[in-house]
Amino acid sequence: MTPTLEEFRRVVIKVGSALLVDRARGRLRHAWLAALAEDIADLQARGVDVLVVSSGSIALGRTVLGFPPGALRLEESQAAASVGQIALARHWAEALGHHGIVAGQILVTPQDTEERRRYLNARATTLKLLEVRAVPVVNENDTVATSEIRYGDNDRLAARVATMIGADVLVLFSDIDGLYTAPPLSDPEARHLPVVERITPEIEAMAGGPASDLSRGGMRTKVEAAKIATGGGTHLIIADGREKNPLRSILQGGRCTWFLSGSTPTAARKTWIAGSLEPRGSLVIDEGAARALQGGASLLPVGVRAIEGSFGRGDAVQIRDLHGRTLGRGLVAYDSAEAALIIGRPSSHIADLLTHPGRSEMVHRDDMAMFAE
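What the sequence shown shows, in this note's numbering, is residues 5 to 377, in sequence order.
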C-alpha cells in the first residue's frame, strides 16, 4: 500500500530556485513561501520534525549584484551566493518566525555528509536543532564550492541530508507532479507513475534533462536522489510545488510519485555500520556495559575497560566483551588518544580530563549496530 505523509514523524522538504524565486524579476515569491511556512507549522504542530533544503541563494544574490541573465562564471556564482545566502536565511527566518518557529541555517559541502568526522558533527548539530523544535534550513555552501567539489544540485544534497538524519520521507518539490513514463510535454501518451517500488534501469531511462536555467537538476537528478534516499531507508516523493500550500495538497491526496524504500532509516544505518565499514580498532567493555548495550543503551566511557588499535573520531570500531567476543560495531565519538584518557570514568569527568567539553557517549546507540547473540 502507498503510505501517506501524515504517517511519518521526520520529514525533509526540498525547495528549488525555480519555485522560490520569480524568474523574470529575480525576487522571492513571498506569498508562496508564506503558504509553505504555514504547511510546515501545521506539520510541526502535530509533532513532526521538519528540515528544509532550500535553493535560491545564487538566484537572489545575482539580482542584488546586477549580474546579467545567463550562465555565471565561478567567481560570480560564489559572489552571488555570498550575498544571496544572507537574504535567503532572512526570508526563511521571517516566514517561519510568523508561526513562532525558529529557523537555523546550515551550509554544507560534500565532505560534511561523506567524511565520517564531519558527518557526525553535521548530524549532531542538525538533530539538536530538531530536538529543540527549530527548523534547520540547509543549502550547499556555494560561496566556497567549486565545480570539482560540490553536489551539483540540491536534490542529491537533500537525499544525503535526509539519510544522515534518519528522515522517514523526503519531499522534492518540482514543476511537475511526479515521474512519467516519458516527458509529458512532448509525449501525449506519457503515463504518470504514482508509485515506484524499485528503481530499475527502465525507471532511470524515463528521467529527462534539466528543468530550467535557474535549477541545476531535473527529473534525472530526482531519480538519482531517490536511489540515495531509498537505499538509506527514506521514502521519497516528487510533487508539484507550484501551487500554494503544496504540503497540504499531498496530505489531501494530490497527485505525486512515491519512491518506496524497502527498509527504515534506522535499519539501513545499522546495516551500513555493521557491514560496510572497516573497523579501525576495538573497545573492550565490562559486563554491565554489555548488558546495557543489549538493552538498547549507548556506550559510555565508564563501561570501557580497554581500547585496541589506533582510530580517529568517527571511525568504525568493534565492541568486544572481556571474553573477546565481538558484540557489535559503532562509530566512535573520540579518537584513540582521547578515548584512552576517559575510559572507565564517568561522563561528568570528560571536560576536566580532556580540558574541553565532549560527548557523554563513547558510541551513541544511533551510531551502533549490535550483533545477534
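The beta carbon of each residue, even a glycine, is placed where N, CA and C say it ideally should be.
Classification of residue i by the beta-carbon crowding that lies within 10 angstroms, buried from 16 upward
i      : result
GLY348 : exposed
HIS239 : buried
SER314 : exposed
THR4   : Here the chain covers residues 5 to 377 and nothing more, so residue 4 does not appear.
LEU174 : buried
THR129 : exposed
GLN89  : buried
GLN256 : exposed
THR8   : exposed
LYS355 : Correcting the residue identity first, residue 355 is Ala in this sequence and not Lys. Exposed: under 16 other Cβ atoms inside 10 Å.
Residue nearest to residue i in terms of C-alpha spacing, selected from the options
i      : options                          : result
GLY300 : ASP371, GLY316 and LEU47         : ASP371
LYS274 : ASP191, ASP159 and MET374        : MET374
GLU208 : ALA271, ALA186 and THR268        : ALA186
ASP157 : ALA49, PRO114, HIS327 and LEU326 : PRO114
LEU23  : ASP46, MET168, ASP179 and VAL112 : ASP179
Straight-line Cα distance separating residue j from residue i
i      : j      : result
PRO305 : ASN125 : 19 Å
ARG369 : THR204 : 34 Å
SER219 : SER21  : The pLDDT assigned to SER219 is 40, lower than 50, so where the model puts this residue is not dependable; a value taken from the coordinates is nonetheless given after this. Distance between the alpha carbons of SER219 and SER21: 6 Å.
ALA28  : TRP36  : 16 Å
ALA376 : ARG164 : 29 Å
ALA171 : LEU297 : 24 Å
VAL54  : ARG127 : 14 Å
ALA2   : ARG33  : This structure cannot settle anything about residue 2, because the visible part of the chain is limited to 5 through 377.
GLY292 : ALA343 : 19 Å
ILE311 : ASP339 : 10 Å
ALA272 : GLU282 : 17 Å
LEU335 : ARG122 : 12 Å
VAL288 : MET366 : 12 Å
THR270 : LEU331 : 18 Å
LEU1   : LEU358 : In the structure as shown, the chain begins at 5 and stops at 377. Residue 1 is therefore absent and cannot be evaluated.
GLY213 : TYR184 : Any reading at GLY213 must be qualified, since the residue scores a pLDDT of 47, below 50, and its modelled position is unreliable; the value itself is stated next. Whole-angstrom Cα-Cα distance: 13 Å.
GLU98  : THR225 : 30 Å
Which of helix, strand or coil DSSP assigns to residue i
i      : result
GLU312 : strand
LYS231 : helix
LEU161 : helix
ALA138 : coil
ASN143 : strand
Residue i CB to nearest heavy atom of the ligand NAD below 7 Å
i     : result
HIS34 : This structure simply doesn't include the ligand NAD, nor any ligand for that matter.
Check: Does the count of Cβ pairs from the segment 83-96 and the segment 57-70 closer than 8 Å reach three?
Finding: Yes, the segment 83-96 is in contact with the segment 57-70.
Notebook entry, point to check: Counting Cβ pairs closer than 8 Å, one from the segment 224-238 and one from the segment 259-267, do we hit at least three?
Noted result: With a cut-off of 8 Å, the segment 259-267 and the segment 224-238 count as touching, because enough Cβ pairs lie within range.
Next item on the list: State whether the segment 248-261 contacts the segment 277-285, with contact taken as three or more CB pairs (one from each stretch) at a distance under 8 Å.
Entry: Below 8 Å, too few C-beta pairs join the segment 248-261 and the segment 277-285 to call them touching: fewer than three.
Check: Taking three-plus beta-carbon pairs below 8 Å as touching, is the segment 135-144 in contact with the segment 105-114?
Finding: The segment 135-144 is in contact with the segment 105-114.
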